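> I'd like to ask some things about the structure below.
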């Protein structure tokens, strides 16, 4: 099952215990312009009739060498570029980066700013999972949930726009705090939104997740086992769907997460087997409920105060290195910063969870139908901006 | 934790020469000999006390005299994290530094090593599928090396063509200086690397 | 010749009873779904904004088209330094010592005569770093978002040119 095998025409292909129809292997290119690959991912599929024998992901269509850019920018100037990695969860990207620098500088972030960071990151998680929810339903042929998901996401984006001034690429979480303060009006609106959203989300789940057709398309499809997940370094919902209780927010708390009470949803194989596409879907839906729980606690606990800590005007990070991991909607995001004491990073490496998840496609794909491959790609929820960086 | 790991490593893999780099700011790390990376990684994965079952990332850093590879290992069972470092000579274009691949230990290394090869230019011996990953296969050079220069032409396409540069506006300040004949009185924002403009931009603050 | 083994998706055995149960569940769950969507026919407000006819008002601190009020600019070059994509071009000449003293709106003396203030909006990434460092708050993001143009050259805004002053009255707060 290596990723780059040259298949010969007289190869024997055995699916399960049956020999499948043996025609010549057909090479299909899925992408780069394919709506089901969520961006510009090209998957080279080798198929025998409709059964996928091998899937080779080809990356790099959105590669802009963010890491080289970062070497030439001052520490504040990196943040807009960080946004553009995972553009569906820019707040989480910024937070991870800011934490990295703050840890090196030893900056103390004001309490209110920490609360706001948790608030926006969790709202962002909801927004990001809503995109998954909507686009995954589209992948499997249901169009309506997409509209509902975007309608709710729109409310979050509108709020972010009022906070930061931009809809997707916020540049809001800054080193030392956040740019702008939230008003009481915003908090009230968030509370109202949560009340409505929690009810609606249950409805959405019964519309999509409980639907027999959806279950038929996702249950027992694209199963990832616990061992495979560890072996390939999967994180986030993909890892949790295999039944591993691993969430950095709980296990290595950053920000104020240790103060909040929430659960880590894991996949239990309710509709099929543990670690299938339905589990990955369900873990994300349950996470949205957990996010709602966290945000409610933030709204109860937020206190008045400044939102920006003391940061020097020209940031110079002391020489050294750090590897900082944070939990983003799509998995663990790691920043490996090496500084030589100058105004710009000497090396800034990003560990992207989507990148590792793409590398799992060759494990999930063989033996599936082409249509199931679409379900598998959708279920790992990749953003190509983060894969290619 | 680091000292304990280094001790274990030195005992289990003789010759790997594990040294702890203790840091006061940021993270500490362990440096090992590059020839033994495969054995070291296998030991780290199977070591019962630490059980680094996940390879998070492999990254390379280009220093003037060496290339430093960092393997970030994590244990999801024991909740640990380790930066494992190894040094390689820089080599040159036709003679890239070589190191053993660790794909046999963690499959996660597959894409990570390909990326490291693509960006830093390190050859991983024993990798099952060794190609570039982010750049096209016929790309020249390794972008994250500090001395990297973009090729001028790629498949008949000129990289960074002059007509797309906004030279008019960039050179405005320079022209102004020439016109006035008193360069000290002009401050301009565009940093021209060839002249001392960058210095003056700072003065203007 | 070699043999490729593929793992098969686990499929539960399908008995006749299971088949009928599947049909029943499919009909039932789809009916529940249809019930949810059916409410949207009349019970929910319309959310679509029909764009060219109805224009959305952006929030106050929305980061859209940049505007520099050159009369208040002191040519400190801070915006150009902060810009991560280097799209701001400024050139200024020292004011002669015998020239009349002028000040910005907030009282900062202007010591430099602005000769060029151009922003290449085609390069701009709307990150907002330039407006936050501006000491006299002359460089601002406006709420104007309809400024598509046919050529790249038209995206270069020379804020000293008179035609730019025309949209000042229209959009600047």
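Residue numbers (the numbering used here), protein chains in the order written: chain X, -12 to 376; chain A, 96 to 300; chain E, 23 to 195.
Just so you know, even glycine gets a beta-carbon here, dropped at the ideal spot from N, CA and C.
Remember, it's a predicted structure, so these values are computed and weren't measured experimentally.
1. Just the C-alpha distance for residue 174 of chain X and residue 108 of chain E, rounded to the nearest angstrom, thanks.
2. Residue 282 of chain A lies in the beta strand (DSSP E); which residues open and close that run?
3. Between the segment 199 to 213 of chain X and chain E, which residues of the former have CB atoms less than 7 Å from a CB of the latter, in chain order?
4. What first and last residue would you give for the beta strand (DSSP E) that runs through residue 115 of chain E?
5. Can you check which of these residues, X/233, X/288, X/211, is closest to residue 246 of chain X by C-alpha distance?
6. Can you list, in chain order, the residues of its chain whose CB lies under 7 Å from that of residue 168 of chain X, leaving out five sequence neighbours each side?
7. Under a three-way DSSP split, which group does residue 96 of chain A fall into?
8. Under 6 Å Cβ to Cβ from residue 384 of chain X, same chain only, skipping five residues before and after it: list those, please.
9. How long is the line joining the alpha carbons of residue 93 of chain E and residue 126 of chain E, rounded to whole angstroms?
10. Any idea what DSSP makes of residue 346 of chain X, helix, strand or coil?
11. Output needed for residue 183 of chain A: all residues of its chain with C-beta closer than 7 Å, excluding positions within five of it in sequence on either side, in chain order.
12. Once you ignore the five residues that flank residue 104 of chain E on each side, which residues in its own chain have a CB closer than 6 Å to its CB?
13. Measure from the C-beta of residue 129 of chain E to each C-beta in chain X and report whether the shortest distance is under 8 Å.
14. Using a beta-carbon distance below 8 Å, is residue 254 of chain A in contact with chain E?
15. Per DSSP, residue 66 of chain X forms a beta bridge with which residues?
16. May I ask you to report which of helix, strand or coil DSSP gives residue 334 of chain X?
17. Check this for me: beta carbons of residue 241 of chain X and residue 110 of chain X, under 8 Å apart or not?
18. Quick test of your reading: residue 243 of chain X and residue 102 of chain X, contact by CB under 8 Å. State the CB separation rounded to the nearest angstrom.
19. Please decide whether residue 54 of chain A counts as near chain E, where near means a Cβ-Cβ distance under 8 Å.
20. To the nearest angstrom, how far is it from the Cα of residue 159 of chain E to the Cα of residue 165 of chain E?
21. Going by DSSP, what residue range makes up the alpha helix (DSSP H) through residue 220 of chain A?
22. Check whether the segment 123 to 142 of chain A and the segment 358 to 374 of chain X touch, using three or more Cβ-Cβ pairs below 8 Å as the test.
23. Using alpha carbons as the reference points, say which of A/122, A/259, A/241 lies closest to residue 187 of chain A.
24. List the residues of chain X whose Cβ lies closer than 8 Å to the Cβ of residue 38 of chain E, in chain order.
25. Once DSSP output is grouped into helix, strand and coil, what is the label at residue 159 of chain A?
26. On the criterion of 16 or more Cβ atoms from any shown chain inside 10 Å, does residue 66 of chain E qualify as buried, or is it exposed?
27. Can a CB atom of chain X be found closer than 8 Å to the CB of residue 228 of chain A?
28. Within 10 angstroms of the Cβ of residue 366 of chain X, are there 16 or more other Cβ atoms? Answer buried if so, exposed if not.
29. Identify the residues that DSSP records as bridge partners of residue 190 of chain A: which are they?
30. Provide the residue(s) that pair with residue 307 of chain X in DSSP beta bridges, ordered along the chain.
31. How about residue 147 of chain A and residue 170 of chain A: are their beta carbons less than 8 Å apart?
32. Rounding to the nearest angstrom, what Cα-Cα distance links residue 133 of chain E and residue 279 of chain A in this structure?
33. Could you list which residues in chain X have their beta carbon closer than 9 Å to that of residue 44 of chain E, in chain order?
34. Residue 148 of chain X: which of E/168, E/43, E/148 sits nearest, CA to CA?
35. At 7 Å on the CB atoms, spell out the chain E contacts of residue 283 of chain A, in chain order.
36. Under 8 Å, CB to CB, which of the residues in the segment 96 to 108 of chain E have a partner in chain A?
The structure says:
1. Sequence index remark: in the first chain, residue 174 of chain X carries index 187 (1-based). Sequence index remark: in the third chain, residue 108 of chain E carries index 86 (1-based). Answer to the nearest angstrom: the Cα atoms are 37 Å apart.
2. In the second chain, counting from the first residue as 1, residue 282 of chain A sits at position 187. Its beta strand (DSSP E) spans residues 281 to 283.
3. 199, 200, 207, 208
4. To locate residue 115 of chain E, count along the third chain from 1; it is residue 93. Run containing residue 115 of chain E: 110 to 116, per the beta strand (DSSP E) assignment.
5. On the first chain, position 259 is the one that residue 246 of chain X refers to. Answer by Cα proximity: X/288.
6. Mapped onto the first chain, residue 168 of chain X falls at position 181. Contacts found: 294.
7. Locating residue 96 of chain A in the second chain gives position 1, where the first residue counts as 1. Reduced to three states, the DSSP call for residue 96 of chain A is coil.
8. This structure cannot speak to residue 384 of chain X, because chain X is shown only from -12 to 376.
9. The residue labelled residue 93 of chain E in the question sits at position 71 within the third chain. The residue labelled residue 126 of chain E in the question sits at position 104 within the third chain. Distance between the alpha carbons of residue 93 of chain E and residue 126 of chain E is about 7 Å.
10. For this step, residue 346 of chain X is matched to residue 359 along the first chain. Correct three-state label for residue 346 of chain X: coil.
11. As a working mapping, residue 183 of chain A is identified with position 88 in the second chain. Closer than 7 Å at the Cβ level, and outside the excluded window around residue 183 of chain A, lie 129, 161, 162, 164, 192, 194, 217.
12. The residue labelled residue 104 of chain E in the question sits at position 82 within the third chain. 151, 152, 155, listed in sequence order.
13. Sequence index remark: in the third chain, residue 129 of chain E carries index 107 (1-based). Output row for residue 129 of chain E: interface = no.
14. Here the question's residue 254 of chain A lines up with position 159 in the second chain. It does not; no Cβ of chain E falls within 8 Å.
15. Translated into the one-based positions of the first chain, residue 66 of chain X becomes position 79. DSSP output for residue 66 of chain X lists no bridge partner at all.
16. Taking the first chain and counting its residues from 1, one reaches residue 334 of chain X at position 347. Looking at residue 334 of chain X - three-state DSSP - the assignment turns out to be strand.
17. By 1-based counting over the first chain, the position of residue 241 of chain X is 254. By 1-based counting over the first chain, the position of residue 110 of chain X is 123. Not in contact: residue 241 of chain X and residue 110 of chain X (Cβ atoms no closer than 8 Å).
18. Within the first chain, residue 243 of chain X is the residue found at index 256, counting from 1. Within the first chain, residue 102 of chain X is the residue found at index 115, counting from 1. About 6 Å separates the two Cβ atoms, so the contact holds.
19. An answer regarding residue 54 of chain A cannot be provided, because it is not within the stretch 96 to 300 covered by chain A.
20. As a position in the third chain, residue 159 of chain E is number 137, starting the count at 1. As a position in the third chain, residue 165 of chain E is number 143, starting the count at 1. Looking at the two C-alpha atoms, the distance is approximately 16 Å.
21. As a first step, residue 220 of chain A must be located in the second chain, where it is residue number 125. Unbroken run through residue 220 of chain A is the beta strand (DSSP E), 218 to 220; no alpha helix (DSSP H).
22. no
23. Here residue 187 of chain A refers to the residue found at position 92 when the second chain is read from its first residue. The candidate whose alpha carbon is nearest that of residue 187 of chain A is A/241.
24. Counting from one through the third chain, the residue named residue 38 of chain E turns up at place 16. Residues of chain X passing the Cβ test: none, with the nearest at roughly 17 Å.
25. Within the second chain, residue 159 of chain A is the residue found at index 64, counting from 1. In the structure shown, residue 159 of chain A sits in coil (DSSP, three-state: anything other than H, G, I, E or B).
26. On the third chain, residue 66 of chain E is found 44 positions in, with the first residue counted as 1. By the neighbour-count rule (16 or more Cβ atoms within 10 Å), residue 66 of chain E is not buried but exposed.
27. In the second chain, residue 228 of chain A corresponds to position 133, counting from 1. So, interface residue.
28. The residue labelled residue 366 of chain X in the question sits at position 379 within the first chain. With 16 or more Cβ atoms within 10 Å of its Cβ, residue 366 of chain X is classed as buried.
29. Stepping through the second chain from its first residue, residue 190 of chain A is reached at position 95. A/187, per the DSSP bridge assignment.
30. Numbered from 1 along the first chain, position 320 holds the residue referred to as residue 307 of chain X. Bridge partners of residue 307 of chain X: X/326.
31. For the purposes of this step, residue 147 of chain A is identified with residue 52 of the second chain, where counting begins at 1. For the purposes of this step, residue 170 of chain A is identified with residue 75 of the second chain, where counting begins at 1. Contact flag set, yes.
32. What you label residue 133 of chain E is simply residue 111 of the third chain in a count that begins at 1. What you label residue 279 of chain A is simply residue 184 of the second chain in a count that begins at 1. So the two alpha carbons sit approximately 14 Å from each other.
33. Sequence index remark: in the third chain, residue 44 of chain E carries index 22 (1-based). Result: 199, 203.
34. On the first chain, position 161 is the one that residue 148 of chain X refers to. Comparing Cα positions, the closest option is E/148.
35. In the second chain, the residue the question calls residue 283 of chain A occupies position 188. Chain E residues near residue 283 of chain A: 112, 113.
36. 97, 98, 99, 100, 102, 103, 108
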